[in-house]
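One structure is given here, and the rest of the page talks about it.
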Amino acid sequence: MADIASTPAASLEIDPARTAVLVIDVLVTQGDDSLYNPDPAEQDLVEASVRVVDAARYMGLPIVFCCDQHIPGLDRELELWGDHGIMGKATVNPALHAGFGQKDFIIPKRRYSGFFQTDLDLTLRELGVDTLIAVGEDTNICVLHTLADAYFLGYKTIVVEDATRTFLCGTQEAGIEHFRKCYGSQIVTTNQVVAALS
-7 MADIASTPAA SLEIDPARTA VLVIDVLVTQ GDDSLYNPDP AEQDLVEASV RVVDAARYMG
53 LPIVFCCDQH IPGLDRELEL WGDHGIMGKA TVNPALHAGF GQKDFIIPKR RYSGFFQTDL
113 DLTLRELGVD TLIAVGEDTN ICVLHTLADA YFLGYKTIVV EDATRTFLCG TQEAGIEHFR
173 KCYGSQIVTT NQVVAALS
């Protein structure tokens, strides 16, 4: 974990009435998929994400799952990355129990950002949310673009470093530095989030 990313545990304060968790592309798929294939490195991300989601659900926070749902033969992203996250074949990793909580929301997306041409912003504003706790992947693609739009729209962001993962573009350290420097994100660990929500 990079030194630049650390946030003192005592400084992490979460207002449950104004905070939601964003779970970005923690998916499993059916059939051939160019990106979301079983990977042993994925397990650590999933386990950390489950801990964050469970703690947030216990405190009554909204959990918003931003999920690739691409249309084959149409979405431009598929030209770059091949067929992945295809609508009807990609679902939230079952370990996260998406849809089981009263405040669970599933937002399909067809671009990197969970905000682009979706109702994510409307949903968050109607929930009274101004702060987002982000987990998911890829750190330098979908997480980065979602957090960029969050910043442009005025949301504060908290990135759970050990519940994000880079496997397609750039390095984890560079992505984390970008969040901290460019978006003012607080960079924390799963343990810090769980402690702040207990």
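Those letters in the sequence shown? Residues -7 to 190, per the numbering used here, in order.
Positions of the beta carbon are idealized from the N, C-alpha and C atoms, including for glycine.
This structure is a prediction, so every number in the text was calculated from the model and none was measured.
Between the C-alpha atoms of TYR147 and PRO30 there is a straight-line separation of about 33 Å. Of all C-beta pairs linking the region 135 to 143 to the region 66 to 74, fewer than three are shorter than 8 Å, placing the two stretches out of contact. Beta-bridge partners assigned by DSSP to PRO100: CYS59. If the five residues before and after ARG49 are omitted, its C-beta is found closer than 7 Å to the C-beta atoms of ILE55 and GLY93, all from its own chain and listed in chain order.
For LEU14, the secondary structure class from DSSP, reduced to helix, strand or coil, is strand. With 16 or more other CB atoms across the displayed protein chains lying within 10 angstroms of its CB, ALA40 is buried.
Secondary structure remark: continuous alpha helix (DSSP H) runs of at least 4 residues inside the region 87 to 150, in chain order: 112 to 118 and 136 to 144.
Between ASP96 and the set LEU119, ILE179 and ASP130, the nearest pair of CA atoms involves LEU119.
For the pair of segments examined, the region 114 to 129 was found to touch the region 5 to 12: the number of CB pairs separated by less than 8 Å reaches three. Secondary structure at ARG172: helix, using DSSP grouped into helix, strand and coil. Three or more pairs of CB atoms, one per stretch, sit closer than 8 Å, so the region 169 to 178 contacts the region 142 to 157. Rounded to the nearest whole angstrom, the C-alpha separation of THR156 and LEU37 is 6 Å. For ALA33, the three-state secondary structure derived from DSSP is coil. In the three-state DSSP reduction, ALA82 falls in the strand class (E or B). Note: LEU66 is not bridge-paired with any residue in the DSSP secondary-structure output.
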